[in-house]
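Numbering (UniProt numbering), first residue to last: 1 to 272. Think of the CB as a built atom: it goes at the ideal place given N, C-alpha and C, for glycine as much as any other residue. These figures come from a predicted structure and were not determined experimentally. Reading through the structure tokens given below for one structure.
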């Protein structure tokens, strides 16, 4: 499938299935991939404008953050060691640092600077090699894993850093969802070339159920379908894109209740 970078460059890329069935990769990956992130839209939502739109965003964000925290709280003891890999501006870490011993890794200097200003107890890292092997109870990646090209190497590092039966929690978009099939090449969650990999539910199961890892449970991210559908409608230049996005986002979640093919999925993965 050929997909345009609707967000920034308007260039066209191709998505091809890898040797792992259900896992797809963007081709080609630009050598200057960092330049494809250079947009104010990537950090503007970290700034508080005080507008009604901003207040609504913050309300929904808090709902999402609490949902994610509860997933951790059900699996971990208080003050467990948690690394948020690709922590962005630190919103999730800020939400959980009173409950856990937290670490954050973020390669973007701009986002890291935002995080530094708001975090009180979290230790921000410039590399995860500084953490001792077998020291972490959980590693979270909230819509980050799809951005990493060298996944074999990073999964090995995560395995090394986690304690026995530690948890790797990965949230990624699901190209087998209703909204992905509806919008096809306009589906915003393809987000090429920034999203290097694309994982169906069966693809993630094929990737992660092996001698090193076992998927323990799968949870939906219900709000993602609305945001992704609205953005997809916007890419299609639809009038009243937000209304259509709400409608098709709702349909996607309704269908997901039947087949569990939600727009985005969270995988709770245990280290063997």
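**Message:** Give me, in chain order, the residues of the same chain whose beta-carbon lies closer than 8 Å to that of residue 135; leave out the 5 immediate sequence neighbours on both sides.
**Reply:** Same-chain partners within the cutoff: 81, 161, 163.
**Request:** Flag this pair as touching only if the segment 199-219 and the segment 255-267 have three or more C-beta atom pairs under 8 Å; answer yes or no.
**Result:** Yes, the segment 199-219 is in contact with the segment 255-267.
**Prompt:** So residue 98 and residue 122 are in contact, right, with Cβ under 8 Å, and what is the actual spacing, rounded?
**Reply:** Between residue 98 and residue 122 the beta-carbon gap is near 11 Å, outside 8 Å, which marks them as no contact.
**Request:** State yes or no: is the C-beta of residue 179 within less than 8 Å of the C-beta of residue 140?
**Result:** No, they are not a contact pair.
**Message:** For residue 66 and residue 207, what's the separation of their Cα atoms in angstroms?
**Reply:** Near 28 Å, if we compare the C-alpha coordinates of residue 207 and residue 66.
**Message:** So for residue 60, helix, strand or coil by DSSP?
**Reply:** In this structure, DSSP gives residue 60 a helical state, which the three-state scheme calls helix.
**Request:** Indicate whether residue 271 and residue 213 have their beta-carbon atoms separated by less than 8 Å.
**Result:** Closer than 8 Å, so yes.
**Prompt:** Is the beta carbon of residue 166 sitting closer than 8 Å to the one on residue 191?
**Reply:** No; because the gap between Cβ atoms is not below 8 Å, this pair is not in contact.
**Asked** DSSP state of residue 76, grouped into three classes?
**Response** Reduced to three states, the DSSP call for residue 76 is coil.
**Prompt:** From residue 62 to residue 102, what does the alpha carbon distance come to, in whole angstroms?
**Reply:** One C-alpha to the other measures close to 19 Å.
**Item:** CA-to-CA distance, residue 108 to residue 43, given in whole angstroms
**Value:** Note that residue 43 has pLDDT 48, beneath the 50 cutoff, so the model's placement of it is unreliable and the number below is only indicative. Between residue 43 and residue 108, the alpha-carbon positions lie close to 10 Å from each other.
**Item:** Local conformation of residue 27 per DSSP, three classes
**Value:** Note: residue 27 maps to strand in three-state DSSP.
**Item:** DSSP state of residue 104 mapped onto helix, strand, coil
**Value:** Residue 104 sits in a strand when the DSSP states are folded into three classes.
**Request:** Leaving aside the five residues before and after residue 142 along the sequence, list all residues of the same chain whose C-beta is less than 6 Å from its C-beta, in chain order.
**Result:** Cβ neighbours of residue 142 within its own chain (closer than 6 Å, five residues either side excluded): 171.
**Item:** residue 236 versus residue 131 - alpha carbon distance
**Value:** Between residue 236 and residue 131, the C-alpha separation is close to 45 Å.
**Message:** Does residue 59 pass the burial test, meaning 16 or more other C-beta atoms within 10 Å, or should it be called exposed?
**Reply:** Answer is exposed; the Cβ neighbour count stays below 16.
**Prompt:** Who are the Cβ neighbours of residue 128 in its own chain at under 6 Å, not counting the five residues just before and after it?
**Reply:** 105.
**Item:** Buried or exposed by the 16-neighbour rule on C-beta atoms within 10 Å, applied to residue 47
**Value:** Confidence in residue 47 is poor, its pLDDT being 49 and thus under 50, which makes the residue's placement too unreliable to answer from.
**Prompt:** So residue 81 is in the beta strand (DSSP E); what residue range does that whole segment cover?
**Reply:** Per DSSP, the continuous beta strand (DSSP E) segment holding residue 81 begins and ends at 81-85.
**Message:** If I follow the unbroken alpha helix (DSSP H) through residue 211, where does it start and stop?
**Reply:** That residue, residue 211, is in no alpha helix (DSSP H); it is neither H nor E in DSSP.
**Message:** What does the alpha-carbon distance come out to for the pair residue 228 and residue 253?
**Reply:** Answer to the nearest angstrom: the Cα atoms are 12 Å apart.
**Request:** Could you give the DSSP three-state label for residue 89: helix, strand or coil?
**Result:** Note: residue 89 maps to coil in three-state DSSP.
**Prompt:** Along the chain, which unbroken stretches of the beta strand (DSSP E) at least 3 residues long are found entirely within the segment 167-241?
**Reply:** The segment 167-241 contains these whole beta strand (DSSP E) runs: 197-199, 213-220.
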